[in-house]
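Protein chains in written order, with this note's numbering: chain A, 1 to 316; chain B, 1 to 249. A virtual CB, placed ideally from N, CA and C, is assigned to each residue, including glycine. Keep in mind the model is a prediction, meaning the values are calculated, not measured.
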Amino acid sequence: MPNSTSRWLWHGLAVALLAVFGASLYIASKRIDYTWRWERIPQYLISTEGEDQKAPFDGFVAVSEDGKQLSMTALRGSETTSFTDFSRVLVSNGDLVFEGDVLAKKDQLGPGPLLIGLWLTLKISALSLVFALMLGLVVGLGRVSKNPAARDLAAFYVEVIRGTPLLVQIFIVYFFIGTVLQLSAFAAGVVALSVFTGAYVAEIVRAGIEAVPKGQVEAAQSLGLSGFQTMRHVILPQATRRVLPPLAGQSINLIKDSSLVSVMALTDLTKAGREVVSSTFSPFEVWFVVALMYLLLTGVLSIAVRRLEKRFAAQG
Amino acid sequence: MNATTDTVLIEARSIEKRYPNGVLGLKRASLSVQAGEVVVIVGPSGSGKSTLLRTFNGLESITGGEIVVDGHVLHQRSADLRSLRQRVGMVFQQFNLFPHLTVLENLSLAPVKVLKLSAAAAEERARALLVKVGLSDKCDCYPSQLSGGQQQRVAIARALAMQPAVMLFDEPTSALDPEMVGEVLEVMKQLATEGMTMCVVTHEMGFARAVADRVIFMDAGEILCEDPPSAFFDAPKHERLKTFLRQIL
Numbered sequence: 001m002p003n004s005t006s007r008w009l010w011h012g013l014a015v016a017l018l019a020v021f022g023a024s025l026y027i028a029s030k031r032i033d034y035t036w037r038w039e040r041i042p043q044y045l046i047s048t049e050g051e052d053q054k055a056p057f058d059g060f061v062a063v064s065e066d067g068k069q070l071s072m073t074a075l076r077g078s079e080t081t082s083f084t085d086f087s088r089v090l091v092s093n094g095d096l097v098f099e100g101d102v103l104a105k106k107d108q109l110g111p112g113p114l115l116i117g118l119w120l121t122l123k124i125s126a127l128s129l130v131f132a133l134m135l136g137l138v139v140g141l142g143r144v145s146k147n148p149a150a151r152d153l154a155a156f157y158v159e160v161i162r163g164t165p166l167l168v169q170i171f172i173v174y175f176f177i178g179t180v181l182q183l184s185a186f187a188a189g190v191v192a193l194s195v196f197t198g199a200y201v202a203e204i205v206r207a208g209i210e211a212v213p214k215g216q217v218e219a220a221q222s223l224g225l226s227g228f229q230t231m232r233h234v235i236l237p238q239a240t241r242r243v244l245p246p247l248a249g250q251s252i253n254l255i256k257d258s259s260l261v262s263v264m265a266l267t268d269l270t271k272a273g274r275e276v277v278s279s280t281f282s283p284f285e286v287w288f289v290v291a292l293m294y295l296l297l298t299g300v301l302s303i304a305v306r307r308l309e310k311r312f313a314a315q316g
Numbered sequence: 001m002n003a004t005t006d007t008v009l010i011e012a013r014s015i016e017k018r019y020p021n022g023v024l025g026l027k028r029a030s031l032s033v034q035a036g037e038v039v040v041i042v043g044p045s046g047s048g049k050s051t052l053l054r055t056f057n058g059l060e061s062i063t064g065g066e067i068v069v070d071g072h073v074l075h076q077r078s079a080d081l082r083s084l085r086q087r088v089g090m091v092f093q094q095f096n097l098f099p100h101l102t103v104l105e106n107l108s109l110a111p112v113k114v115l116k117l118s119a120a121a122a123e124e125r126a127r128a129l130l131v132k133v134g135l136s137d138k139c140d141c142y143p144s145q146l147s148g149g150q151q152q153r154v155a156i157a158r159a160l161a162m163q164p165a166v167m168l169f170d171e172p173t174s175a176l177d178p179e180m181v182g183e184v185l186e187v188m189k190q191l192a193t194e195g196m197t198m199c200v201v202t203h204e205m206g207f208a209r210a211v212a213d214r215v216i217f218m219d220a221g222e223i224l225c226e227d228p229p230s231a232f233f234d235a236p237k238h239e240r241l242k243t244f245l246r247q248i249l
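Below you can see the structure in the form of structure tokens.
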């Protein structure tokens with residue numbers, strides 16, 4: 001073990017190397033003649049644009065001098081209407097407008113496309129994680145079951161899912177199962193991600209159960225506990241502690257894998273990033289920001305799991 | 001010593017254990033244990049003494065013969081192991097306490113889940129047993145916080161919490177540091193004097209001599225002889241037993 005001074009030196013070296021790496025990235029971007037426009041990014045995180053006020057029918061608009069009042073009269077007939085909930089008028093007094101035209105905008109703070117994408121990513125990951133854990137527990141128990149049929153089915157599922165790419169599974173779920181069962185893109189995404197992650201969770205659960213010493217089962221059975229009671233009160237509580245670290249890793253993978261659902265017309269964080277790139281032409285900034293947002297999600301999860309592990313460890 | 005009644009609690013009739021690879025673990029072993037009797041099984045390692053003991057509560061299946069334990073019949077395909085196991089307590093070499101539960105929880109898990117005792121009644125029973133094994137101050141400890149000897153005493157109390165008719169001990173002191181062997185044997189002696197029916201696989205010859213009603217010698221899956229301890233140790237009849245005693249004493 002190095003002493004504490006030299007340990008800080010080594011940490012310092014790591015930071016310095018990272019700084020050199022960052023600087024070389026910056027210099028490289030200079031050489032390809034790229035203009036960094038970070039100022040374009042915040043509007044895609046937090047949008048100030050609010051609801052539109054649209055014309056309900058064809059007609060003429062009347063705008064007061066100070067722009068505070070807006071009303072319109074129908075082209076045919078004598079119908080009139082006035083608008084109150086707006087902050088900017090986009091038309092002038094006397095303009096002829098048609099049904100659906102935007103007359104005024106209401107400015108209000110709201111989430112921008114990237115934050116909306118982040119929210120979808122969070123939602124789809126969280127839902128998929130819950131289903132994947134349930135599926136993984138059931139299949140994992142099937143893997144260690146005494147019943148050969150349960151073992152075969154569980155092994156078949158795990159092998160098929162682990163042996164095919166997630167992207168292909170997403171296409172199959174979306175285009176085949178989604179069409180047959182009329183699933184929405186969101187539901188298809190949750191199904192694909194849960195089924196995929198469930199296979200890995202099942203293997204983690206199996207390994208966790210098998211890692212509990214055989215003597216524990218013998219002791220429980222000698223006391224007259226049933227197979228279910230042994231599993232529920234003796235094996236699973238001990239397995240839980242063992243599977244927490246690999247499960248955390250798998251959950252982080254799930255969040256990252258969820259970026260693949262962007263192929264199904266689902267505006268998750270990755271899809272939102274792509275859309276923002278096409279409207280800003282600032283791919284570097286956008287993808288750095290998107291990466292950072294994923295890192296935020298996975299980082300929070302890592303910390304939460306570490307807390308949980310500590311609490312389990314304290315149990316002796 | 002303690003054999004006061006002649007109720008047979010364990011009756012093994014020429015049981016046989018053949019492993020899938022064809023090796024015979026037990027060869028036509030017959031044994032009967034009366035209520036209140038303390039039977040100690042000794043023999044070289046690999047002689048099948050643990051296997052024999054473990055057949056008595058169905059942890060080890062048999063491929064021939066028949067065992068009757070407290071009225072429950074065990075064949076090759078035995079049915080109701082659960083109700084049998086409630087009547088047979090087992091203490092393991094490696095203690096096998098539940099590491100995620102406190103001492104008190106270790107003792108009350110089975111009485112609550114299997115005997116459907118109320119939590120309060122189970123706790124009361126557990127506390128009384130912990131006093132008995134001298135660990136009343138360790139109720140809220142986790143097993144990892146106890147010494148080996150303490151853990152084994154908890155394991156004995158855990159088995160007793162089911163109020164079994166028979167207690168099986170599978171080398172209960174073999175995993176212990178020498179200075180802790182005594183405290184465990186002390187608890188076992190106390191149990192014996194209280195009239196508990198016990199089957200003990202052990203290498204502690206002193207315990208066998210002092211506590212056993214009968215000592216059984218096993219070698220290569222066979223029961224070679226059974227005698228009261230005095231005859232067993234002082235006038236061994238069997239050639240292989242003589243060799244065995246020479247090696248260990």
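Chain B contact for residue i (CB, 8 Å cutoff)
i, result
"Gly-316/A", "The predicted model places Gly-316/A with a pLDDT of 49, which falls under 50 and marks its position as unreliable; any figure quoted below should be read in that light. It does: the Cβ of Gly-316/A has a partner Cβ on chain B nearer than 8 Å."
"Pro-111/A", "no"
C-beta neighbour in chain A for residue i, strict 8 Å
i, result
"Arg-82/B", "yes"
"Ile-10/B", "no"
"Pro-21/B", "Here the sequence assigns Asn to residue 21/B, which means Pro is not the residue at that position. No, its Cβ sits nowhere closer than 8 Å to a Cβ of chain A."
"Phe-98/B", "yes"
"Gln-94/B", "yes"
"Met-196/B", "no"
"Arg-85/B", "yes"
"Met-162/B", "yes"
"Met-90/B", "yes"
Distance between residue j and residue i (C-alpha atoms, nearest Å)
i, j, result
"Thr-5/B", "Leu-247/A", "Bear in mind that the predicted position of Thr-5/B carries a pLDDT of just 49, short of 50, making it unreliable; the figure below should be weighed with that in mind. Approximately 57 Å, taken between the alpha carbons."
"Met-134/A", "Leu-244/A", "15 Å"
"Ser-4/A", "Leu-17/A", "20 Å"
"Ala-3/B", "Glu-37/B", "Unreliable positioning characterises Ala-3/B in this predicted model, as indicated by a pLDDT of 41, which lies under 50. The coordinate reading is nonetheless provided below. So the alpha carbons of these two residues sit roughly 5 Å apart."
"Glu-255/B", "Val-73/B", "Residue 255/B lies beyond the range of chain B shown here (1 to 249); nothing can be said about it."
"Leu-141/A", "Val-205/A", "8 Å"
"Ser-302/A", "Arg-28/B", "59 Å"
"Gly-94/A", "Val-180/A", "53 Å"
"Tyr-318/A", "Ile-255/A", "Residue coverage of chain A in this structure runs from 1 to 316, which leaves residue 318/A outside it and unanswerable."
"Val-114/B", "Arg-87/B", "12 Å"
"His-75/B", "Asn-57/B", "12 Å"
"Phe-207/B", "Leu-185/B", "7 Å"
"Phe-281/A", "Asp-66/A", "38 Å"
"Gln-169/A", "Gly-163/A", "10 Å"
"Pro-148/A", "Ser-61/B", "20 Å"
"His-238/B", "Phe-169/B", "25 Å"
"Lys-17/B", "Ala-150/A", "29 Å"
"Asp-234/B", "Val-200/B", "20 Å"
"Thr-80/A", "Gly-178/A", "47 Å"
"Glu-309/A", "Ala-239/A", "13 Å"
"Thr-257/B", "Phe-95/B", "The shown model of chain B, from 1 to 249, leaves out residue 257/B, and the question about it has no answer."
"Leu-292/A", "Leu-114/A", "12 Å"
"Gly-20/A", "Ala-28/A", "Note on residue identity: the sequence assigns Val, not Gly, to residue 20/A. Their Cα atoms are separated by approximately 12 Å."
"Val-85/B", "Leu-107/B", "With the sequence shown as reference, residue 85/B is identified as Arg, and Val is not the correct amino acid for it. Approximately 16 Å between the Cα atoms of the pair."
Coarse secondary structure for residue i, derived from DSSP in three states
i, result
"Ser-259/B", "Limits of chain B in this structure are 1 at one end and 249 at the other, which puts residue 259/B out of reach."
"Leu-117/B", "coil"
"Ala-239/A", "helix"
"Met-1/B", "Model confidence at Met-1/B stands at a pLDDT of 42, short of 50, so the residue's coordinates are unreliable and nothing is read from them."
"His-238/B", "coil"
"His-100/B", "coil"
"Gln-108/A", "strand"
"Asp-52/A", "strand"
"Ala-64/B", "The sequence as given places Gly at residue 64/B; Ala does not occur at that position. Gly-64/B: strand per DSSP, three-state reduction."
"Ile-216/B", "strand"
"Val-191/A", "helix"
"Thr-81/A", "strand"
Check: residue i C-beta below 7 Å from any heavy atom of the ligand MN
i, result
"Arg-85/B", "Absence of the ligand MN from the depicted structure is noted, as is the absence of any ligand whatsoever, leaving it without description."
Quiz item: Relative to chain A, which residues along the stretch 110-133 of chain B have a C-beta separation below 7 Å, given in chain order?
Solution: Ala-110, Lys-113, Val-114
Quiz item: Can we say the stretch 177-197 of chain A touches the stretch 210-227 of chain A, given the rule of at least three CB pairs closer than 8 Å?
Solution: With the cut-off at 8 Å, the stretch 177-197 of chain A and the stretch 210-227 of chain A do not touch.
Quiz item: Residues in the stretch 214-226 of chain A with C-beta within 7 Å of chain B's C-beta atoms, listed in sequence order?
Solution: Gly-215, Gln-216, Glu-218, Ala-219, Gln-221, Ser-222, Leu-223, Gly-224, Leu-225, Ser-226
Quiz item: Are three or more beta carbon pairs between the stretch 153-163 of chain B and the stretch 217-229 of chain A nearer than 8 Å?
Solution: yes
Quiz item: What residues in the stretch 230-250 of chain A bring their beta carbon closer than 7 Å to a beta carbon of chain B?
Solution: His-233, Val-234, Pro-237, Gln-238
Quiz item: Taking contact to mean at least 3 C-beta pairs separated by less than 8 Å, is the stretch 54-65 of chain A in contact with the stretch 90-101 of chain A?
Solution: The stretch 54-65 of chain A, when compared against the stretch 90-101 of chain A, does touch it at the 8 Å Cβ threshold.
Quiz item: Closer than 7 Å, Cβ to any Cβ of chain A: which residues of the stretch 42-65 of chain B, in chain order?
Solution: Asn-57, Leu-59
Quiz item: Taking one C-beta from the stretch 218-236 of chain B and one from the stretch 35-49 of chain B each time, how about it: are there three or more such pairs within less than 8 Å?
Solution: yes
Quiz item: Taking contact to mean at least 3 C-beta pairs separated by less than 8 Å, is the stretch 126-141 of chain B in contact with the stretch 260-273 of chain A?
Solution: no
Self-check item: Interfacial residues, the stretch 216-234 of chain B to chain A, with Cβ spacing under 8 Å
Solution: When C-beta distances to chain A are compared with 8 Å, every residue of the stretch 216-234 of chain B stays at or above that value.
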